[in-house]
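First to last, the sequence lines map onto chains H and U.
Counting from 1, position 123 in the first sequence corresponds to residue 166 in our numbering; the numbering is continuous, with no gaps.
Counting from 1, position 148 in the second sequence corresponds to residue 625 in our numbering; the numbering is continuous, with no gaps.
Backbone N, C-alpha and C fix where the C-beta goes; we use that ideal spot for every residue, glycine too.
Being a predicted model, the structure only gives us computed values, none of them experimental.
Report on the structure given below.
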Amino acid sequence: MLEVFIFSTLNGLVTGLLLFMLASGLTLIFSMMGVLNFAHASFYMLGAYFAYSISLHLGFWAGLIFAPLIVGLLGAEIERFALRRVHAHGHVAELVFTFGLAFLIEESVQFFWGPDTKNYQSPDILDFPLFTLFGQEFSAYRGFMIAISVGIFVGLYYVLTRSRIGIIIQAAITHPHTVANLGHNVPFIFMGVFGVGTALAGVAGVIAGPVLTTFPGMAVVLGSIVFVIVVIGGLGSLGGAFIASLMIGLLQSYAIASNVGMPDLLNLLGLEFSRDHPLTDLWTLTLPQVAPILPFLLLVLVLIFRPTGIAGKREQ
Amino acid sequence: MKPLLQKSAVWFAYLGVLLGLPLLFDSILAITIFNQMAIAIIFALSYNMLLGQGGMLSFGHAVYFGLGGFMAVHTLVMIEYETVYFSIIYIPLIGGLIGLLAAIFIGSFSTHKAGTVFAMISLGIGELVAASSLIFVSFFGGEAGVNADRTYGPPFFGVEFFQDVEIYYLAAVWVFIATLFMYLFTQTPAGRMANAVRDNPERAEFIGYSARRVRFISFCASGFFAGIAGGLFALNYEFITEENLNAVTSGRVLLMAYIGGLGYFIGPIIGAVILTLMNSLLSNYTELWMLYLGIMFVLTVLFLPRGFAGFIMMHRTAWIRGKLRSLLLPYLITGVPALLFATAGVAMIEMLHHEGEAFHFLGLPLDSANLLHWLLCAVVATFAYLGCKRTLPQLQEAWESANAIDEAGEERERS
Chain H
44 MLEVFIFSTL
54 NGLVTGLLLF
64 MLASGLTLIF
74 SMMGVLNFAH
84 ASFYMLGAYF
94 AYSISLHLGF
104 WAGLIFAPLI
114 VGLLGAEIER
124 FALRRVHAHG
134 HVAELVFTFG
144 LAFLIEESVQ
154 FFWGPDTKNY
164 QSPDILDFPL
174 FTLFGQEFSA
184 YRGFMIAISV
194 GIFVGLYYVL
204 TRSRIGIIIQ
214 AAITHPHTVA
224 NLGHNVPFIF
234 MGVFGVGTAL
244 AGVAGVIAGP
254 VLTTFPGMAV
264 VLGSIVFVIV
274 VIGGLGSLGG
284 AFIASLMIGL
294 LQSYAIASNV
304 GMPDLLNLLG
314 LEFSRDHPLT
324 DLWTLTLPQV
334 APILPFLLLV
344 LVLIFRPTGI
354 AGKREQ
Chain U
478 MKPLLQKSAV
488 WFAYLGVLLG
498 LPLLFDSILA
508 ITIFNQMAIA
518 IIFALSYNML
528 LGQGGMLSFG
538 HAVYFGLGGF
548 MAVHTLVMIE
558 YETVYFSIIY
568 IPLIGGLIGL
578 LAAIFIGSFS
588 THKAGTVFAM
598 ISLGIGELVA
608 ASSLIFVSFF
618 GGEAGVNADR
628 TYGPPFFGVE
638 FFQDVEIYYL
648 AAVWVFIATL
658 FMYLFTQTPA
668 GRMANAVRDN
678 PERAEFIGYS
688 ARRVRFISFC
698 ASGFFAGIAG
708 GLFALNYEFI
718 TEENLNAVTS
728 GRVLLMAYIG
738 GLGYFIGPII
748 GAVILTLMNS
758 LLSNYTELWM
768 LYLGIMFVLT
778 VLFLPRGFAG
788 FIMMHRTAWI
798 RGKLRSLLLP
808 YLITGVPALL
818 FATAGVAMIE
828 MLHHEGEAFH
838 FLGLPLDSAN
848 LLHWLLCAVV
858 ATFAYLGCKR
868 TLPQLQEAWE
878 SANAIDEAGE
888 ERERS
């Protein structure tokens, strides 16, 4: 029991931190432009694919450096030439545009790399068990994933709160006109933050690609979950996103590892239903079965009862 | 009296087109496409009720379509086993009622806010329902879906619906009724208030309307019509799967409504027709039609924010002032290079796709291994692009002069 618990905690931590890398960029972009970027997970996918292509020629580490750079540049260009243009037509148009962008990126990935799964491997140097607990191995690559994610979180936090650039960004979020009057190029700051946000998603893709498999559906798999996290954490809140990411990661990991379900509950209550009861699917439901829908259930509940999320500000 | 007459003439023409189409194109393929179109039109119109008229961006509209469709298939099964006894022409109504019920339940908590919150709730519910449909196998049939046979019901005036064309006539009547009622809805106080709440919920509240209730009414009506579309889908295909209520279908209806043009009643109809045609015709010619669809969608959002209908309506001023003809030549001058550029671009995309093999593109043999072909396409694309760029200011000028308020007239008024 204990080993299951420890390993699901570790796996949940890996997933949660990975999700946070996506959510942090998304929530930053949201607080800046007020638009949820539907295509955010698509940049994550692009990160994985670019890194795969680079790793074929230059190895994994070159991919880790160059793929996020390419993704970030791409994101910045898209912000500059497309998103800014759509911005004039209002938020719905922006949301619809990013939705279309997600669609287009998925099709483009299928066009350039094909619809099949790519054999993107983690580097050999990290191909050893970091430690062995209760006879189960925890791979060094997962440890590496945790280290990178934590490093990025700390770095991001430091830059945003301690550095001059971070202060200007924070000011630009709340008072763009004042910042512009002080002589800063606000559109450029926005473009930069969009680029950095997408680059972070790219990093997540680079390190998640080998573990979660690199295929054209990987954006869809993670995309809506990242949305859930950003909303649950409170739109625009970095801290809230961090808590929500870990929460969702752990929740899913525990739910999958557990083997309880409705039959246990019914046993506990002393109830019994025959197999051909019309609602038999409901009575035989198990927790691992519902694990994929738990985040969405949580999302709907949060939106109904606490639309501002964990750490969101009261709406004006 | 005259406007009413004019308006009803439009509706009679619509009915005439709907009923006359299979007489003009009677191949099996055409009928299949028409059936898809009919379903898509109702679905897209119902979506426009939400987004275009009510300002609620939904990422889970397929839920009502799918639930209506599933219930319709189950009703068909019930008819087959003679649990219930009525003609299958009423099946879409069953779908609609289920869509309405689902919308009443979901709308009771999701219409509280419009904008991002609504969009997120609809996304969550869409994912929730899609995921649950894979869990509750006895109703949704898992990945295989559920199927039925539409021919067991009592014949309707001798028609037993063995053939697709019979279904088409049934669908056409339903499309007409649904379109008419959706149009009439926009004319009711509820429909008018939906527009007001979309544009400024605060003001609507100040004059005494509950924005939430107004949204709720639109939401329910939209769910009802989406369910009707789902019911028609069930009748046409005689099966329905999980795919019909998941995010893919929700996304497609958003594409249809947006490409067609939000805010115009006729927009979603145009969008539904274009997308269905692309889906069924373009996919015969190229495997990449989804890529082209994506490009088209992004370009539409960027350059035609009001969709195709909006593009057509842009010419209203010029038309009223009788200057449409002066736009024709500039359009041609810019349009031809633009078309050439698009064609060359598509040719290059296709060459990339057919790596190292020869294929036919618009009747021309192209070979991606041949460097000359690449060069040719690139040159054509470059020149077309330059030509387009060169002539664009002319078009803009012509556009402005066609739309400009008559300066001479203004001056006369001033003096």
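Neighbourhood of residue i by C-beta distance below 7 angstroms, restricted to the same chain and skipping five residues each side
| i | result |
| --- | --- |
| H792/U | L801 |
| M733/U | A517, A521, P745, G748, A749 and L752 |
| A110/H | G90, F93, A94, I97, G245 and V249 |
| G143/H | none |
| I275/H | A287, L341, L342, V345, G352 and I353 |
| A671/U | Q530, G531, V691 and S695 |
| A881/U | none |
| V47/H | A300 |
| F818/U | A858, A861, Y862 and C865 |
Where residue i sits in the DSSP three-state scheme
| i | result |
| --- | --- |
| R480/U | Checking the sequence, you will find Pro at residue 480/U rather than Arg. Note: P480/U maps to helix in three-state DSSP. |
| T351/H | coil |
| P782/U | coil |
| T257/H | strand |
| F662/U | helix |
| E137/H | helix |
| A539/U | helix |
| I743/U | coil |
| K590/U | coil |
| N80/H | coil |
| D844/U | strand |
| I684/U | coil |
| E832/U | coil |
| K866/U | helix |
| H130/H | helix |
| S182/H | strand |
is_contact[residue i, chain U] using C-beta, thresh 9 angstroms
| i | result |
| --- | --- |
| R128/H | yes |
| V271/H | yes |
| V333/H | yes |
| P230/H | no |
| P259/H | no |
| I336/H | yes |
| E180/H | no |
| I353/H | no |
Straight-line Cα distance separating residue j from residue i
| i | j | result |
| --- | --- | --- |
| F86/H | A596/U | 21 angstroms |
| G737/U | R689/U | 27 angstroms |
| V614/U | T726/U | 20 angstroms |
| L770/U | I505/U | 25 angstroms |
| L255/H | E150/H | 20 angstroms |
| I212/H | L203/H | 8 angstroms |
| F716/U | G576/U | 17 angstroms |
| L481/U | T665/U | 16 angstroms |
| L65/H | G266/H | 9 angstroms |
| V823/U | A119/H | 26 angstroms |
| M755/U | N761/U | 9 angstroms |
| D159/H | S296/H | 27 angstroms |
| E887/U | A879/U | Model confidence at E887/U stands at a pLDDT of 49, short of 50, so the residue's coordinates are unreliable; what they give is reported in the following sentence. One C-alpha to the other measures close to 15 angstroms. |
| F836/U | V857/U | 19 angstroms |
Distance between beta carbons of residue j and residue i, contact taken as under 8 angstroms
| i | j | result |
| --- | --- | --- |
| Y562/U | P631/U | 7 angstroms |
| G545/U | A703/U | 7 angstroms |
| F347/H | F693/U | Note that residue 347/H is Ile in the sequence shown, not Phe. 15 angstroms between Cβ atoms; not a contact. |
| A711/U | N512/U | Going by Cβ atoms, the distance from A711/U to N512/U rounds to 12 angstroms, so no, they are not a contact pair. |
| T329/H | G292/H | Rounded, the Cβ-Cβ distance is 20 angstroms, inconsistent with contact. |
Min CB distance residue i to chain H below 9 angstroms
| i | result |
| --- | --- |
| L433/U | Only positions 478 to 892 of chain U appear in the structure, and residue 433/U is not among them; the question remains open. |
| V778/U | yes |
| T593/U | yes |
| F536/U | yes |
| E682/U | no |
| H604/U | Contrary to the premise, residue 604/U reads as Glu rather than His in this sequence. Yes, contact with chain H. |
Cβ-based neighbour list, residue i, same chain, cut-off 6 angstroms, excluding 5 preceding and 5 following
| i | result |
| --- | --- |
| F103/H | P166 |
| G740/U | G529 |
| L534/U | L528 and A596 |
| E122/H | M234 and F237 |
Contacting residues, own chain, Cβ-Cβ under 8 angstroms from residue i (five flanking each side not counted)
| i | result |
| --- | --- |
| F788/U | G738 and L781 |
| W651/U | A515, I519, P569, I705 and L709 |
Heavy atom of the ligand FMN within 8 angstroms of residue i beta-carbon
| i | result |
| --- | --- |
| E46/H | With respect to the ligand FMN, the structure shown offers nothing to examine, as it has no ligands at all. |
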